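Asker: The listed protein sequences derive, respectively, from chains F and H. Position 25 (the first sequence) corresponds to 25 in our numbering; numbering is contiguous. Every position in the second sequence, counted from 1, becomes a number in our numbering once 1000 is added. Think of the CB as a built atom: it goes at the ideal place given N, C-alpha and C, for glycine as much as any other residue. The structure presented is a predicted model; accordingly, all values stated were derived computationally and were not measured. Following this message is one structure expressed as structure tokens.
Number of protein chains: 2
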Amino acid sequence: MVQIEEDILGRNNEYAAANRRWFGEHGILALNLVSSPGSGKTTLLTRTVDALKAELALSVIEGDQQTANDAERIRETGVRALQINTGKGCHLDGHMIGHALETLRPDDGSVLFIENVGNLVCPAAFDLGEAHKVAILSVTEGEDKPIKYPDMFHAADLVLLNKIDLLPYLQFDVDRCIEYARRVNPGIKVLQVSATSGAGMDGWYRWIRATQQLALIGQ
Amino acid sequence: MVQIEEDILGRNNEYAAANRRWFGEHGILALNLVSSPGSGKTTLLTRTVDALKAELALSVIEGDQQTANDAERIRETGVRALQINTGKGCHLDGHMIGHALETLRPDDGSVLFIENVGNLVCPAAFDLGEAHKVAILSVTEGEDKPIKYPDMFHAADLVLLNKIDLLPYLQFDVDRCIEYARRVNPGIKVLQVSATSGAGMDGWYRWIRATQQLALIGQ
């Protein structure tokens, strides 16, 4: 069983490495958005795409077990989106992304958002070739998620602490949540945002811009 | 023996985590420059400091087994530098950096360059709390270094392929060297530079600027 798992992950890493190389050659910034179901990923992504589409070339890969609803929400912004349905699968993998790139063909120098299947466990182990995993954590989920799902918060470079407009109505200790995230990943960044009110979203856009600048530098 | 090594690395990781947290709280970008002896690190750093000191707050920690020559070379630029002599030690460690920070006290929002002891092995294992390891590889060293010292090139996020002004006089296959670096680290960036002629250095400065912007974002 362990052997099979290692083989699967090993093969995935090869596909992910090929994707990463391709992104590097084309100056494409690929971001892998991971979260629990219902964290507000698609709302956050729709707002982000609307805010940045005039200044950056963007495209989106949406992952869900079923339905193309999310890709349709993104397409309404005018940005190209491709839906992957994983069926019984609980995460996207490097091979699926490789195939999606053949169809989507993101522009050189563009930003590709990959919205993973809502799941705080399995997507942590499957590299897609992205530059960064970005974890979206809604304050309605409780501040203990980083220590309950340490693999995910260890794998992510940025946490978007979403739905902060609801903080007045919740028992949620922001400092404790950040402390928990740092415990599993001392270098992790945390931005407090609300995708519905727009609060804090400017920090996320600045992060994307600076990260995209980095994607354009070097071979 | 393995147990002792694990204990030492475990303790180092605690010191490094404390440094990383402190850098994060103060918006300081810490870069750990690693290379073989004689790769041109100090020349590269001196030129970098001269180019950026007007626009960014900078400071430097120099690591060498003996002598304070390198810190003196940096101080001639007008930028603060602190020398650490490791004596018999072949690398800087998290504890040394923590103490150095107490003396050096880098400004909030500044860039701290840490020039490690010239060594392509030991510094790879010792996290200092830096945001990125930057490996300097001189083209006079041969293109096989990434596969001969995979730990270092796996740990680094950026390679500065230095002394490219000497390429006309050498048998050095740049593409093969980059391919070797990618083999051990598919996400690694490679910039071709000459610290003496200045060729390619603008890409490195752009990388520093964008990375420093990221250090200012988030908690």
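Could you check which residue in H:Gly1063, H:Asp1127, H:Asn1116, H:Lys1189 has the C-alpha nearest to that of H:Leu1009?
Answerer: It is H:Asp1127 whose Cα lies nearest to the Cα of H:Leu1009.
Asker: Along the chain, which unbroken stretches of the beta strand (DSSP E) at least 3 residues long are found entirely within the stretch 124 to 152 of chain F?
Answerer: Complete beta strand (DSSP E) runs here, min 3: 132 to 138.
Asker: With a threshold of 7 Å between beta carbons, is F:Gly98 in contact with chain H?
Answerer: False, the Cβ-Cβ gap to chain H never drops below 7 Å.
Asker: Could you work out which residue in F:Leu137, F:Leu158, F:Ala199 is closest to F:Lys148 when comparing CA atoms only?
Answerer: The residue with the shortest Cα to Cα distance from F:Lys148 is F:Leu137.
Asker: Between H:Leu1160, H:Glu1141, H:Arg1182, H:Ala1195, which lies nearest to H:Leu1170 when the distance is taken from Cα to Cα?
Answerer: That would be H:Glu1141, whose Cα lies nearest to the Cα of H:Leu1170.
Asker: In the DSSP assignment, find the unbroken alpha helix (DSSP H) run with F:Lys163 in it and report its ends.
Answerer: Taken as a continuous stretch (DSSP letters only), F:Lys163 belongs to no alpha helix (DSSP H), as it is neither H nor E.
Asker: What are the boundary residues of the beta strand (DSSP E) that includes H:Arg1105?
Answerer: Counting along the chain, H:Arg1105 falls outside any beta strand (DSSP E), and DSSP gives it neither H nor E.
Asker: Any Cβ of chain F within less than 7 Å of the Cβ of H:Gln1065?
Answerer: With 7 Å as the cut-off, H:Gln1065 does not count as an interface residue toward chain F.
Asker: Quick check on the DSSP output: what are the complete beta strand (DSSP E) runs of length 3 or more inside the stretch 33 to 64 of chain F, in order along the chain?
Answerer: Listed in chain order, they are 58 to 64.
Asker: For my contact list, F:Gly89 and F:Ala16 are in at a C-beta cut-off of 8 Å; report their separation, rounded to the angstrom.
Answerer: The Cβ separation is near 16 Å, so there is no contact.
Asker: Look up H:Gln1066 in the DSSP assignment and say whether it is helix, strand or coil.
Answerer: Here H:Gln1066 sits in coil by DSSP.
Asker: Tell whether a beta-carbon distance below 7 Å holds between H:Ser1039 and H:Asn1116.
Answerer: No, they are not a contact pair.
Asker: If you measure beta-carbon to beta-carbon, which residues of the stretch 1176 to 1196 of chain H are closer than 7 Å to chain F?
Answerer: Within the stretch 1176 to 1196 of chain H, the residues whose Cβ lies closer than 7 Å to some Cβ of chain F are Ile1178, Arg1182, Pro1186, Gly1187, Lys1189, Val1190, Leu1191, listed in chain order.
Asker: Hey, how far is the Cα of H:Gly1188 from the Cα of F:Pro168?
Answerer: For the record, residue 1188 of chain H in the displayed sequence is Ile; it is not Gly. If you take the alpha carbons of H:Ile1188 and F:Pro168, they lie about 43 Å apart.
Asker: Determine the direct distance from the alpha carbon of H:Arg1206 to that of F:Leu45, and round the result to whole angstroms.
Answerer: So the alpha carbons of these two residues sit roughly 28 Å apart.
Asker: List, in chain order, every chain H residue whose beta-carbon is nearer than 8 Å to that of F:Arg206.
Answerer: Chain H residues near F:Arg206: Gln1213, Ile1217.
Asker: To the nearest angstrom, report how far apart F:Leu214 and F:Asp202 are at their CA atoms.
Answerer: Their Cα atoms are separated by approximately 19 Å.
Asker: Run down chain H in chain order and give the residues with a C-beta less than 9 Å from the C-beta of F:Gly203.
Answerer: The contacting residues are Ile1217, Gly1218.
Asker: Nearest to F:Thr67 by alpha carbon, out of F:Pro146, F:Gly87, F:Ala195, F:Ser35?
Answerer: Residue F:Gly87 is the option with its Cα nearest to F:Thr67.
Asker: What residues are listed by DSSP as bridge partners for F:Ile114?
Answerer: Bridge partners of F:Ile114: F:Asn32, F:Ile61.
Asker: Measure the CB-CB distance between H:Gly1063 and H:Ile1084 and report whether it falls below 7 Å.
Answerer: Contact flag set, yes.
Asker: Quick check on this structure: which residue in H:Asn1185, H:Ser1036, H:His1095 has the alpha carbon closest to the alpha carbon of H:Leu1120?
Answerer: Of H:Asn1185, H:Ser1036, H:His1095, the residue nearest in Cα terms is H:Ser1036.
Asker: Residues in its own chain within less than 6 Å of F:Asn12 by CB, not counting five upstream and five downstream?
Answerer: The answer, listed in chain order, is Asp93, Gly94, Phe126.
Asker: By the 10 Å Cβ neighbour count, where 16 or more other Cβ atoms means buried, how is H:Gln1003 classified, buried or exposed?
Answerer: It is exposed - the Cβ of H:Gln1003 has fewer than 16 other Cβ atoms within 10 Å.
Asker: Quick check: what's the CA-CA separation for H:Gly977 versus F:Phe113?
Answerer: The requested residue 977 of chain H does not occur in the structure, where chain H is confined to residues 1001 to 1219.
Asker: Which residues mark the beginning and the end of the beta strand (DSSP E) in which H:Ala1081 is found?
Answerer: Start and end: 1080 to 1085.
Asker: Taking the continuous alpha helix (DSSP H) assigned at H:Val1190, which residues delimit it?
Answerer: No alpha helix (DSSP H) contains H:Val1190, which is instead part of the beta strand (DSSP E) from 1189 to 1192.
Asker: Just the Cα atoms here: how many angstroms apart are H:Ala1030 and H:Arg1020?
Answerer: Using only the alpha carbons, I get a separation of about 9 Å.
Asker: I want to verify the contact list: residues of chain H whose CB lies under 8 Å from the CB of F:Leu158, in sequence order.
Answerer: The answer, in chain order, is Gly1218.
Asker: On the three-state DSSP scale, how would you describe H:Leu1214?
Answerer: Three-state result, H:Leu1214: helix.
Asker: The alpha helix (DSSP H) with H:Ala1181 in it runs from where to where?
Answerer: From DSSP, the alpha helix (DSSP H) with H:Ala1181 extends over 1174 to 1184.
Asker: Would H:Asn1181 and H:Pro1146 be called neighbours here (beta carbons separated by less than 7 Å)?
Answerer: Contrary to the premise, residue 1181 of chain H reads as Ala rather than Asn in this sequence. Contact: yes.
Asker: In three-state DSSP terms, what is H:Leu1009?
Answerer: Helix, per DSSP.
Asker: On the criterion of 16 or more Cβ atoms from any shown chain inside 10 Å, does H:Thr1103 qualify as buried, or is it exposed?
Answerer: Exposed, since its Cβ has fewer than 16 Cβ neighbours within 10 Å.
Asker: Beta-carbon of H:Arg1021 versus every beta-carbon of chain F: anything under 7 Å?
Answerer: By this cut-off, H:Arg1021 is an interface position.
Asker: What distance in whole Å lies between the Cβ atoms of F:Asp173 and F:Thr196, which are believed to be in contact at a cut-off of 8 Å?
Answerer: Not really, about 22 Å apart at Cβ, beyond 8 Å.
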